[in-house]
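With my numbering applied, the sequence shown covers 3 to 111. Note that CB positions come from ideal geometry on N, CA and C, so glycine has one too. It should be emphasised that the depicted structure is a prediction, and the values quoted were computed from it without experimental measurement. These notes are about the structure you will find just below.
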Amino acid sequence: MATTVYTINKGINRPVVFKGLKAQYIVYVAIGVLSLLVLFAVLYIIGTNMFLCIAIVAILGVLLFVMVYRISDKYGQYGLMKRRAYGRIPHTVRLPSRWVFLSLGKTKQ
């Protein structure tokens, strides 16, 4: 039986990288896989056809991996934090009066 050794590449001040996933995304994939396992068990226990259970879990598993790898590649180590911060940037700034803009041209002496 051949053994496979997986290395976790971690340097000083560098994020943990495992199979292309960076930092917290490893945990997200692990939680997703465990939830898919629970979903399969629940579907099997309630009497759903086994092939249907496998198909549902396989499709959701592929979607999980594709989405997590895409977010990991696009945003990097602090991806979801950057994504949430970008969503909180206001589209417009509303001011009740023009006083702010009128006072920009004046110099105080």
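Provide the residue(s) that pair with Leu23 in DSSP beta bridges, ordered along the chain. Phe20
Since Gly81 contacts Ile73 with CB under 8 Å, what's their CB separation in whole angstroms? 5 Å
For Tyr27, is the classification buried or exposed, using 16 other Cβ atoms within 10 angstroms of its Cβ as the cut-off for buried? buried
Val40, buried or exposed, once every other Cβ within 10 Å from all chains shown has been counted against 16: exposed
How would you write the range of the alpha helix (DSSP H) that Arg90 sits in, first residue to last? From DSSP, Arg90 is part of no alpha helix (DSSP H); its letter is neither H nor E.
Which residue from Val102, Met83, Phe42, Val70 puts its Cα closest to that of Val29? Val70
Classify Val31 as buried or exposed, calling it buried when 16 or more other Cβ atoms lie within 10 Å of its own Cβ. buried
Compare the C-alpha of Leu23 against each of Gln79, Leu104, Ile58, Leu45 and name the closest. Gln79
Rounded to whole angstroms, what's the CA-CA distance from Gly34 to Ala43? Just pull it up for me. 14 Å
Relative to the C-alpha of Asn15, which candidate in Ala25, Gly107, Val7, Thr50 has its C-alpha closest? Ala25
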